[in-house]
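Student: Heads up: the sequence lines are chains A and B, in that order. With the working numbering applied, the first sequence covers 23 to 315. With the working numbering applied, the second sequence covers 459 to 744. Glycine is no exception: its CB is placed at the ideal position from the N, C-alpha and C atoms. Since the model is a prediction, treat every value here as computed from it, not as a measurement.
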Amino acid sequence: MPMIERFRTLAAILTVVAVIVVVWYVFAVVLNSRWEYDQAARAGVQIGLPELIERTLAQDRPMLPTPHQVLAGLWEGVTRYAPTSRRSLVYHAGVTLSATLAGFALGAAAGLLLAVGIMHSRAMDMSVMPWAIASQTIPILAIAPMVIVVLASLGIKGLLPKALIAAYLSFFPVLVGMVKGLRAPDGMQLDLLRTWNASRATTLFKLRLPASLPYLFASLKVGIASALVGTIVAELPAGATVGLGARLLSGSYYGQTIQIWSALFAAAILAAVLVAAVGAVERLVLKRMGLAR
Amino acid sequence: MSWQGWAAIAFWIAATMLNCHIANRWYRSRWARPFVATLFGVTLLVLWEGLVRGLNVSPVILPAPTVIAARFAQSLPLLWGDFTQTILKGALSGYLIGCGAAVLVAILVDRSPFLRRGLLPVGNFIAALPIVGIAPILVMWFGFDWQSKAAVVVVMVFFPVLINMVAGLAATDPLQRDLMRTYSATGRQSLLYLRLPAAMPFLFNGLKIATTLALIGAIVAEFFGSPTRGMGFRISTAVGQLDLPLVWAEIAVAALAGSGFFGLMTLIEKAVTFWHPSQRAAGRGA
Chain A
23 MPMIERFRTL AAILTVVAVI VVVWYVFAVV LNSRWEYDQA ARAGVQIGLP ELIERTLAQD
83 RPMLPTPHQV LAGLWEGVTR YAPTSRRSLV YHAGVTLSAT LAGFALGAAA GLLLAVGIMH
143 SRAMDMSVMP WAIASQTIPI LAIAPMVIVV LASLGIKGLL PKALIAAYLS FFPVLVGMVK
203 GLRAPDGMQL DLLRTWNASR ATTLFKLRLP ASLPYLFASL KVGIASALVG TIVAELPAGA
263 TVGLGARLLS GSYYGQTIQI WSALFAAAIL AAVLVAAVGA VERLVLKRMG LAR
Chain B
459 MSWQGWAAIA FWIAATMLNC HIANRWYRSR WARPFVATLF GVTLLVLWEG LVRGLNVSPV
519 ILPAPTVIAA RFAQSLPLLW GDFTQTILKG ALSGYLIGCG AAVLVAILVD RSPFLRRGLL
579 PVGNFIAALP IVGIAPILVM WFGFDWQSKA AVVVVMVFFP VLINMVAGLA ATDPLQRDLM
639 RTYSATGRQS LLYLRLPAAM PFLFNGLKIA TTLALIGAIV AEFFGSPTRG MGFRISTAVG
699 QLDLPLVWAE IAVAALAGSG FFGLMTLIEK AVTFWHPSQR AAGRGA
């Protein structure tokens, strides 16, 4: 992309973000004003507009915290306490991150292996694939709390149950994407390998796997994002005290809106970092293989 | 392990052999695919049933499918009440509002290339975020009843539909747009007769993704507070009472609702985008 085009895109993105921030502030004033009016009425004083705006933007437990309050909450959560403290957002994000990564590795590996199996066995393809595709239309996330409780009653607690849910959620995108990717080589390429008398394994490693990489990375990005969502939802059931999901829940119990929004932003940043990390690996690998666009 | 377990394993082996045979011999015939898939599904259920009975697995850990089916049949009114609360009131109304708003915003944004250029990356970014986390906030704003669930669903379905619709409106090629210009079509006419129809395959892609998201949003939002009915509420309380058959019955309802919703959108898509190559190819068996 030429420099000027890139600049225009950046300007457009910034404009959209600026519009969102302005709308957010307006909503914050409107939503938080009712409480201020109540307070003023109780104190028996009139409240002017400038004063109202000033107060609505600095409440302790606002209906909608302003962007700067959320950023301050995020900053405080990250820097004020040691990363090992339970009050630190870094600690909770770390708990969520470890379960997400463990589940993602598990789910992606399982999806990859099953895709190779489906590739080589028509029976497996015909029996598993319709169910794999149909299962994507089912709100699997809803069973997360059950899995957690059942596994806890078996004595399995901590990271593993959350990782299992994350694995389950990242499994299907990788499976479906990889089956598509492994079938991406066209007939000519496959015929070429056949003229060289290449074995199935050679075809797999020299042609099918390299050709499937763009598909793999596209589905890995979807998979890691859903693994994070799965982990956060898995942290919701009562009993969980650590992790970003538990922060969301405890914030909603005690009306600590700034805490909820900070946890939400921490989750968003985590998601962005994870997807960007997969994207960076993708660029690196595709570049090494000469597949970069 | 008792005889049920061994019987189930025997059935599994026999069914797998039959499936392999059909897949290798008869894969060209029309009935092979649905038959193999159905037999595989049935085999899973039989294996589940047999192993649970054979190994005497406690129903608190994993109930057998027949137990779940019996519970399902026995608590139909309860399940129907939860279904109306969560799916019909929460998910469906949120889905309609969210998708409608997304389509309108996409058409508005489409007028300004500058906005479109900025909105696509931002929308893509937001669509990848764990949006379901806003559930506690919206429950706080809109109360415990279905309105807050609908609000969560609105936010969850908005961005996937928006980015697909924006991409779809841009999907006409210059030749087609030039043709509209030679007809001296107005902006509204070219939108109505060319770009909206051309955007439909993209729109339905987004709408189909959004069906699952809508159900997830409506169910998960109930974990943060709900009236004493609804699927998410039932799942979390039944888990607490270790009434696992009821939980699985709710999951069956969710699965049926999810695939039914998706299937419905696919049917509508077929009717609306009958002209698209992906739909025509299936009809001719190409």
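For V67/A, which of helix, strand or coil comes out of DSSP?
Tutor: Here V67/A carries a coil assignment [DSSP, helix/strand/coil].
Student: Got a sec? Which residues, its chain only, sit under 7 Å from S234/A by beta carbon, not counting five neighbours each side?
Tutor: M200, G203, L204, A206
Student: Among the residues of its own chain, which have a CB less than 8 Å from the CB of A559/B, if the five just before and after it don't count?
Tutor: V612, F616
Student: Just to make sure I have the definition right: I need the residues of chain B whose C-beta is within less than 9 Å of the C-beta of R30/A. Which are they?
Tutor: F572, R575
Student: Based on Cα-Cα distance, which residue from V705/B, L550/B, R639/B lies nearest to F719/B?
Tutor: L550/B
Student: For G265/A, name the three-state secondary structure that DSSP assigns.
Tutor: coil
Student: Around the C-beta of T118/A, are 16 or more other C-beta atoms found within 10 angstroms, so that it is buried, or is it exposed?
Tutor: buried
Student: By how many angstroms is the C-alpha of V504/B removed from the C-alpha of R529/B?
Tutor: 18 Å
Student: Ends of the alpha helix (DSSP H) at F681/B?
Tutor: Taken as a continuous stretch (DSSP letters only), F681/B belongs to no alpha helix (DSSP H), as it is neither H nor E.
Student: Using the Cα positions of V251/A and G70/A, report the straight-line distance between them to the nearest angstrom.
Tutor: Distance between the alpha carbons of V251/A and G70/A is about 43 Å.
Student: What residue does the alpha helix (DSSP H) around Q605/B start on, and which one ends it?
Tutor: 604-627
Student: For P152/A, decide whether its Cβ has a neighbour in chain B, counting only Cβ atoms nearer than 8 Å.
Tutor: Yes, contact with chain B.
Student: With 16 as the cutoff for other CB atoms within 10 Å, does G743/B come out buried or exposed?
Tutor: Confidence is the limiting factor: at G743/B the pLDDT is only 42, short of 50, which leaves the residue's position unreliable and the question unanswerable from this model.
Student: When you compare the CB of V38/A with every CB in chain B, is at least one pair closer than 8 Å?
Tutor: yes
Student: To the nearest angstrom, how far is the alpha carbon of A657/B from that of T670/B?
Tutor: 21 Å
Student: Give a yes or no on whether the minimum CB-CB distance between V201/A and chain B is below 8 Å.
Tutor: no
Student: Identify, in the order they occur along the chain, each residue of the same chain with its Cβ nearer than 7 Å to the Cβ of Q543/B, setting aside the five sequence neighbours on each side.
Tutor: W604, R687, G688
Student: Kindly list, in the order they appear in chain B, the residues whose Cβ is closer than 8 Å to that of L158/A.
Tutor: For clarity, residue 158/A is Gln in the given sequence; the question names Leu instead. Going along chain B in sequence order, the residues near Q158/A (Cβ under 8 Å) are T670.
Student: Counting only Cβ pairs nearer than 7 Å, list the residues of chain B close to L176/A.
Tutor: In chain order, I519 make up the part of chain B whose C-beta sits under 7 Å from the C-beta of L176/A.
Student: Going by Cα to Cα distance, which pick from A468/B, A676/B, I519/B is closest to V705/B?
Tutor: I519/B
Student: For the stretch 466-484 of chain B, which residues have a beta carbon sitting closer than 7 Å to at least one beta carbon of chain A?
Tutor: N477, C478, A481, N482
Student: Taking V705/B as part of the alpha helix (DSSP H), name the residues at either end of that continuous run.
Tutor: 702-730
Student: How is the alpha helix (DSSP H) around I693/B delimited, first residue to last?
Tutor: 689-698
Student: Any beta-carbon of chain A closer than 8 Å to the one on V613/B?
Tutor: Output row for V613/B: interface = no.
Student: What residue ranges within the stretch 522-603 of chain B form continuous beta strand (DSSP E) runs of no fewer than 3 residues, ordered along the chain?
Tutor: none
Student: By the three-class DSSP mapping on this structure, what secondary structure does D82/A have?
Tutor: coil
Student: Taking Cβ-Cβ distances below 8 Å as the criterion, which residues of the stretch 669-699 of chain B are in contact with chain A?
Tutor: Considering only beta carbons, the part of the stretch 669-699 of chain B lying closer than 8 Å to chain A consists of T669, T670, L673, I674, I677, V678, F681, F682, G683, M689, G690, I693, S694, V697, G698, in chain order.
Student: Applying a beta-carbon distance threshold of less than 8 Å, which residues of chain B neighbour L242/A?
Tutor: Near L242/A there are no residues of chain B at all, since even the closest Cβ is about 12 Å away, more than 8 Å.
Student: Is M598/B close to chain A, meaning its C-beta is less than 8 Å from at least one C-beta of that chain?
Tutor: yes
Student: State the Cα-Cα distance for the pair I677/B and W506/B, rounded to the nearest angstrom.
Tutor: 26 Å
Student: Kindly give me the distance between the Cβ atoms of A256/A and I187/A, rounded to whole angstroms, as I take these residues to be in contact under 8 Å.
Tutor: 4 Å
Student: How is the alpha helix (DSSP H) around I467/B delimited, first residue to last?
Tutor: 461-483
Student: Given a threshold of 16 other Cβ atoms within 10 Å of its Cβ, counted over all protein chains shown, does D636/B qualify as buried or as exposed?
Tutor: exposed
Student: Which residues in the same chain have their Cβ closer than 6 Å to the Cβ of K243/A, if we skip the five residues on either side of it in sequence?
Tutor: V297, V300
Student: Could you check where the alpha helix (DSSP H) with V518/B kicks off and where it finishes?
Tutor: In this chain, V518/B is not harboured by any alpha helix (DSSP H), its DSSP state being neither H nor E.
Student: Looking at I254/A and A289/A, is the spacing between their C-beta atoms short of 8 Å?
Tutor: yes
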